[in-house]
Amino acid sequence: MKELTSNWKSSIKSGEYKRKDSQFRHWVTADGSTGPSGDAGFKAEADRYHLFVSLACPWAHRTLIFRQLKGLASLISVSVVHPDMHAKGWSFDHDETTQALYGTTGDTLGQSEFLAEKYFANDTGYQGNITVPVLWDKKTGSIVNNESSEIIRMLNQAFNSLTGNTLDYYPQALRNEIDEINELVYHKINNGVYKSGFATSQGAYERNVSALFDALDIVEQRLSQQRYLVGETITEADWRLWTTLIRFDAVYHTHFKCNLKQLNEFPNIYQYMLELYQMQGIAETVNMAHIKRHYYASHLAINPYGIVPVGHEQDWSIPHSRDAQFN
Ligand SMILES: N[C@@H](CCC(=O)N[C@@H](CS)C(=O)NCC(=O)O)C(=O)O
Numbered sequence: 017m018k019e020l021t022s023n024w025k026s027s028i029k030s031g032e033y034k035r036k037d038s039q040f041r042h043w044v045t046a047d048g049s050t051g052p053s054g055d056a057g058f059k060a061e062a063d064r065y066h067l068f069v070s071l072a073c074p075w076a077h078r079t080l081i082f083r084q085l086k087g088l089a090s091l092i093s094v095s096v097v098h099p100d101m102h103a104k105g106w107s108f109d110h111d112e113t114t115q116a117l118y119g120t121t122g123d124t125l126g127q128s129e130f131l132a133e134k135y136f137a138n139d140t141g142y143q144g145n146i147t148v149p150v151l152w153d154k155k156t157g158s159i160v161n162n163e164s165s166e167i168i169r170m171l172n173q174a175f176n177s178l179t180g181n182t183l184d185y186y187p188q189a190l191r192n193e194i195d196e197i198n199e200l201v202y203h204k205i206n207n208g209v210y211k212s213g214f215a216t217s218q219g220a221y222e223r224n225v226s227a228l229f230d231a232l233d234i235v236e237q238r239l240s241q242q243r244y245l246v247g248e249t250i251t252e253a254d255w256r257l258w259t260t261l262i263r264f265d266a267v268y269h270t271h272f273k274c275n276l277k278q279l280n281e282f283p284n285i286y287q288y289m290l291e292l293y294q295m296q297g298i299a300e301t302v303n304m305a306h307i308k309r310h311y312y313a314s315h316l317a318i319n320p321y322g323i324v325p326v327g328h329e330q331d332w333s334i335p336h337s338r339d340a341q342f343n
């Protein structure tokens, strides 16, 4: 297998990290008609679709959360890669030890050694990055979509008639507000931690850390006055923010040098993070050992010996104050 040029290494120019666009953009829809992009033919069906994820990846984590929130665990299967990501990209390395420590599953659909094989399965000339999450169609043996923000919208809607779960995390009436806060959260926080950690100049690093903490101040202020990002209703905007928050103190603060403050110094954000962690089905999507191992042991350019910091024990099951604050 050829060596891959990893996303973050290839895209650093003048100190600024630039994330590339995802390439597979088909949509699963209730009746198989065309979605906002890509081809038709991907009808929502039980046991047809599969997710390839790393438990470390905040983007992949979104899709696991929506699989839980929308009651899709028995309809959509999952393979979990090994946390270490080196020259050949994500691997399906898996044994009893990695399973116990990191929740790896191996390639539960086949015999692939690396995730790249799934990308090249139907497109030997594929030039894009080999990223998780991947939404895979077991019927055609091909990738449907590798853009998490789109996968969660499909999971939110397309399978409703199969599951009877009509909870809506992107309701029509709130879309403008959700889109607006997503913009801030994506650029300054979700991707902001990466832009800080992968900056290769002091200036780029300081610019991005400063923008990140300004955005956290805005979010802190907002969450002091309302329960969720767009009011009293929890939406996709909250879950998109949350996957960064849960990794913050253990990884981004240290590894990506996002260290103006720890997250627990933002009282409203911290309590909100606890509240969401304690929602049904969510804690089981979090594997801190996998998260820490991936970041610290894979990004050797910024942590050359791959040493994983011990860190302090974080207990997210302690009672939170959001009920009392917003009743
Ligand atoms: N836009 C993608 C980004 C996914 C992404 O960058 N995933 C990272 C892991 S956190 C990855 O697989 N990186 C591997 C690489 O770039 O080589 C999404 O949101 O789905």
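Note that our numbering gives residue 100 to position 84 of the sequence shown, counting from 1, and the numbers run on in steps of one. Glycine residues also receive a C-beta, built at the ideal position from the N, C-alpha and C atoms. All values derive from a computational prediction rather than experimental measurement.
Residue 58 is not bridged by DSSP to any residue. By the CB criterion at 8 Å, residue 226 and residue 273 fall outside the cutoff. If you draw a straight line from the Cα of residue 317 to the Cα of residue 106, it is about 17 Å long. Counting only the Cα atoms, residue 280 lies some 14 Å from residue 335.
Nearest neighbour of residue 75 by Cα position, chosen from 54, 52, 331, 148, turns out to be 148. At a cut-off of 7 Å, the beta-carbon of residue 152 does not count as near ligand 1: no heavy atom of the ligand is closer than that.
Using a Cβ distance threshold of 8 Å, residue 80 and residue 301 count as a contacting pair.
Bridge pairing for residue 304: absent [DSSP]. DSSP, read as helix, strand or coil, puts residue 138 in coil. Remark: the C-beta of residue 164 is in contact range of ligand 1, defined as less than 7 Å to any heavy atom. Here the alpha carbon of residue 230 sits roughly 38 Å from the alpha carbon of residue 135.
Taking every protein chain shown into account, the CB of residue 242 has fewer than 16 other CB atoms within 10 angstroms, so this residue is exposed. Within the same chain, 83 come within 7 Å of residue 89 by CB-CB distance, once the 5 residues on both sides are set aside. For residue 69, the secondary structure class from DSSP, reduced to helix, strand or coil, is strand. The closest CA to that of residue 319, considering only 55, 182, 143, 214, is found on 214. Inter-segment contact for the region 290-310 and the region 66-74 is present: three or more beta-carbon pairs are separated by less than 8 Å. The C-beta separation of residue 330 from residue 265 comes to about 7 Å, placing the pair in contact by the 8 Å criterion. Residue pairing for residue 153: DSSP places it in a beta bridge opposite 65, 158. Excluding five sequence positions before and after residue 245, the CB atoms of its chain that fall closer than 6 Å to its own CB belong to 197, 253, 254, given in chain order.
By the Cβ test, the region 121-128 is not in contact with the region 47-55, since fewer than three Cβ pairs between them sit closer than 8 Å.
Annotation for residue 177 indicates a beta carbon at 7 Å or more from all heavy atoms of ligand 1. Taking C-beta atoms as the reference points, residue 146 and residue 137 fail to come closer than 8 Å. In this structure, residue 48 has its CB at a distance of at least 7 Å from all heavy atoms of ligand 1. In this structure, DSSP gives residue 78 a helical state, which the three-state scheme calls helix.
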